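What follows is a short report on a single structure.
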Amino acid sequence: MKKILLSTPARRQYNTLDGSTKERIKDVLTRVARGGKPDIKKLKGIKGREDLYRLRMGDYRIIYHENAECIKVIQIIHRSKGYDWL
């Protein structure tokens with residue numbers, strides 16, 4: 184299983200969520216770390232960041248990149264916020 188790392192902004196966002204949402208995010212990230220492929224899309228059109236993926240989990244979007252050893256979560260955003268931060 185790959186290691187799951189959260190960036191500082193992702194950790195801040197994660198800590199503001201309610202307990203059940205945190206648990207769902209943890210579960211879906213664990214599935215991805217074990218090789219599962221839930222609702223994942225590669226993000227396109229981001230200059231210099233061709234390695235980013237979007238994982239959809241209910242009303243939240245988890246932006247991450249991965250390599251052979253780990254998954255690094257960059258952002259956890261509510262779908263109403265969109266991708267303006269990119």
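Going letter by letter, the sequence shown gives residues 184 to 269 in my numbering. All C-beta atoms in this analysis are idealised placements derived from N, C-alpha and C, irrespective of residue type, glycine included. What you are looking at is a predicted structure, and each value in this text was computed from that prediction instead of being measured.
Within the region 199-248, the runs of alpha helix (DSSP H) that reach at least 4 residues and sit entirely inside it are, in chain order, 202-216. In this structure, DSSP gives K264 a helical state, which the three-state scheme calls helix. For I223 against Y243, the beta-carbon gap comes to about 14 Å, at or over 8 Å, which does not count as contact.
Comparing alpha carbon positions, the residue from R214, R262, I259 and D234 closest to N250 is D234. Secondary structure note for K186: its beta strand (DSSP E) is the uninterrupted segment K186 to L189.
Annotated as distal: K209 and C253, with beta-carbon spacing of 8 Å or more. DSSP lists no bridge partner for I257.
Judged by beta-carbon spacing, V256 lies within the 8 Å limit of L189, meaning their Cβ atoms are closer than that value.
The shortest C-alpha to C-alpha distance from T191 to any of S263, R262, Q258 and L212 is the one to Q258.
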